[in-house]
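First up is the structure itself, then whatever we jot down about it.
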Amino acid sequence: MKLIVDHYNKKDYEEKLIVEDMILKIAGGEEIPDDAHMRQYMGRADTFYLLPRDPSKRRKIIETEGSPPVVTATPKPTEKSAARKDGKLRCKRFGCNTYFSEDDNNETCYHHTMAPVFHDTAKYWLCCPNKKTYDWDNFQRIPPCSTSQGHSAETEKGPAVMGGSELRNANRPQQLEGPTDPKKHIDNLRKTLTDMGGSEDIFDKAWGKLAVKTGGNSGKIVEELVEIIQDALQQATN
């Protein structure tokens with residue numbers, strides 16, 4: 104909401120808007136709650152009205168100015184909508200949006216390599232995290248960080264826009280899980296021992312005796328091997 108109101112107030116209108124006094128309403132639909140995330144509404148409508156929170160003031164605006172300020176959502180690009188009437192295609196690389204002809208696609212494409220990030224009030228490109236801005240006009244002035252020969256009409260992989268939830272998921276540490284199959288534990292122990300210069304024959308003989316002792320229970324064999332190794336290490340520290 105603040106971003107929209109700030110953008111409106113930059114126009115040459117005599118009366119400036121106050122964020123707290125305004126609401127957003129879907130054209131022909133419901134009002135959008137103050138604490139709602141706009142992203143969940145962008146796919147449901149293309150046009151939103153910026154209206155006074157006081158309903159009695161809305162009629163006055165419509166009567167005197169003809170219609171309330173309109174916020175138009177940018178439709179998601181598709182293969183069909185990417186082409187203009189003149190047949191040119193729009194480059195879909197991040198930050199480019201230049202229209203080009205497939206028959207003459209030799210010019211240099213200036214673009215970003217990763218998606219834009221809109222988190223809280225910060226705006227930046229994920230590939231340029233050190234160039235953050237809090238103003239939309241300044242965000243649009245951030246220079247591209249990469250070049251390619253020719254433009255591309257293929258949609259970039261991954262999310263088109265990133266917010267707080269996408270950033271948290273992208274930066275979430277990956278959990279490394281070890282093998283759960285006891286037989287894999289045995290193979291790993293054998294490999295570690297032989298890599299350190301140990302005898303594979305001795306390991307296999309010990310493994311064979313433990314297999315007889317435990318009735319071939321791989322889990323029990325692993326427990327016995329771990330206990331043997333721990334005892335040897337304990338003796339080495341005495």
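Taken in order, the sequence shown gives residues 104 to 341; the numbers are from our numbering. Built from N, CA and C at the ideal position, the CB exists for glycine as well.
Cβ pair residue i, residue j closer than 8 Å
i, j, result
"Y227", "T236", "yes"
"P232", "V264", "no"
"I51", "A314", "Given a span of 104 to 341 for the chain in the structure shown, any question on residue 51 remains unanswerable."
"M125", "P158", "no"
"I121", "L127", "no"
"I289", "S249", "no"
"E234", "I245", "The sequence shown places Lys at residue 234, not Glu. Closer than 8 Å, so yes."
Same chain, Cβ closer than 7 Å to residue i, five either side skipped, listed in chain order
i, result
"Q252", "T211"
"E166", "Note that E166 has pLDDT 44, beneath the 50 cutoff, so the model's placement of it is unreliable and no number is given."
"G318", "none"
"K105", "V122"
"E205", "L192"
Nearest neighbour of residue i, chosen from the options [CA to CA]
i, options, result
"D207", "G198, Y213, G190 and C199", "G190"
"H110", "I332, L153 and A139", "L153"
"W310", "G300, V220 and K286", "K286"
"K202", "E257, W239 and P246", "A quick correction: the sequence has Tyr, not Lys, at residue 202. The candidate whose alpha carbon is nearest that of Y202 is E257."
"R293", "V329, G319, G261 and K128", "V329"
"C199", "A225, K234 and H214", "H214"
"G266", "E205, T224, P246 and A339", "T224"
"Q243", "F221, K260, D284 and P262", "F221"
Sequence-distant residues of the same chain with beta carbon closer than 8 Å to residue i, five excluded per side
i, result
"S255", "C194, K195, R196 and C212"
"D334", "none"
Spatial neighbours of residue i in its chain, beta-carbon cut-off 6 Å, leaving aside the 5 residues before and after
i, result
"E123", "none"
"E303", "T297"
"D284", "none"
- Task: Write down every uninterrupted run of the alpha helix (DSSP H) in the region 222-276 whose length is 4 residues or greater and which is fully enclosed by it, in chain order.
- Result: 239-243 and 267-274
- Query: Which full runs of the beta strand (DSSP E) of 3+ residues lie inside the region 197-224, going along the chain?
  - Reply: The DSSP assignment places 211-214 and 219-222 as complete runs of the beta strand (DSSP E) inside the region 197-224, in order along the chain (cut-off: 3 residues).
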